[in-house]
Amino acid sequence: MPFPRQLLSDREEVVLDLTPHWWTLSGGFTAIAAAVIFGVFALALDWPDWVKIFAGVLVLMALVFFGVRFLEWRSTNFVVTTDRCIYRSGVFAKKGIEIPLDRINTVFFNQTIFERLIGAGDLAIESASSEGRQEFSNIRKPHYVQNVIYKQIEAEQDRNFDRMGKSVAGSQHHSAPPQPQLSVPEQIEKLSELHARGVLSDEEFHRKKAELLDRM
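In terms of the working numbering, the sequence shown opens at residue 12 and continues consecutively.
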């Protein structure tokens, strides 16, 4: 099932939400296939009734085993968000691991030849947290997941730099000294220059000059 969006923090977005690779269910498929084959033989060869009953019990147990594994598979998430990597598992009782992106040092992946063919593999994350190294099995396309994590780490660093730049710019803006105001004689001198250049008429010049002199 998808990762609950209500567990995200403000402005956090899900980039990748994966259940384990379908190969996780191979044990359940194998159990069902073996039980069904045994049951077919028991019926076809007309084995004793107790063997047929035993075969039916095996099929039922195989179906229950597969159902449990399927629920576990559906309730396990490996999630990459814009802020962290999250691993959650458990049908009823949940357990999980969270690794902030800014604490991740290195991401490794490992695939056997068979796993490369089916697109599965293991992922390991080394971080500066107390857990150190965390390993995750049966990850879909682990090389792709590794690339996504590194891209989100770079994006997180860019956002941090932008916030620092805005903070510094705001600090410099607030700390800039106020522009000194011109004294009355200096303002009258400016008026005289504007009057001499024809910007102000005689009437405007004398009126503004009188207003400035009244402030003295």
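For glycine and all other residues, C-beta sits at the position ideal for the given N, C-alpha and C.
All of these numbers come straight from a predicted model, not from anything done at the bench.
From this set, the options, which residue's C-alpha is nearest residue i's C-alpha?
| i | options | result |
| --- | --- | --- |
| Ile43 | Gly78, Val62, Asn149 | Gly78 |
| Asp94 | Glu197, Ala53, Val159, Asp225 | Val159 |
| Ser194 | Pro15, Glu109, Leu224, Cys96 | Leu224 |
| Ala73 | Leu56, Ile48, Gln122, Ile129 | Ile48 |
| Ala45 | Asp57, Leu112, Ala66 | Ala66 |
| Phe125 | Asp21, Trp34, Phe14 | Trp34 |
| Val118 | Gly101, Ser140, Glu142, His154 | His154 |
| Lys152 | Tyr161, Ala221, Ile129 | Ile129 |
What residues in its chain sit with their C-beta under 8 Å from that of residue i, if we drop five residues either side in the sequence?
| i | result |
| --- | --- |
| Ile150 | Leu29, Pro31, His32, Phe89, Phe120, Ala131, Gly132, Asp133, Leu134, Val156 |
| Val62 | Ala53 |
| Phe81 | Leu36, Gly39 |
| Val68 | none |
Flag this pair as yes or no: are the beta carbons of residue i and residue j separated by less than 9 Å?
| i | j | result |
| --- | --- | --- |
| Asn116 | Ser138 | yes |
| Ile136 | Arg144 | yes |
| Ile97 | Glu109 | yes |
| Leu112 | Glu167 | yes |
| Ser140 | Arg114 | yes |
| Val70 | Gly50 | yes |
Kindly list the residues whose CB is nearer than 7 Å to the CB of residue i, restricted to its own chain and excluding five residues on each side of it in sequence; keep chain order.
| i | result |
| --- | --- |
| Thr92 | Leu19, Glu23, Glu24, Val25, Val26 |
| Lys105 | Arg99 |
| Gly101 | Ser86 |
| Gln163 | Val26, Val91, Thr93, Leu112 |
| Ser148 | Asp133 |
| Met12 | Arg85, Ser86 |
With a CB to CB cut of under 6 Å and the five nearest residues on each side skipped, what residues in its chain are close to residue i?
| i | result |
| --- | --- |
| Gln122 | Gly132 |
By DSSP's criteria, residue i is part of a beta bridge. Which residues make up the other side?
| i | result |
| --- | --- |
| Phe119 | Ala135 |
Item checked: alpha helix (DSSP H) runs contained entirely in the region 47-111, provided each spans 4 or more residues -> 60-85
Checklist line | Minimum length 4: unbroken alpha helix (DSSP H) runs contained in the region 121-148 | finding: 124-129
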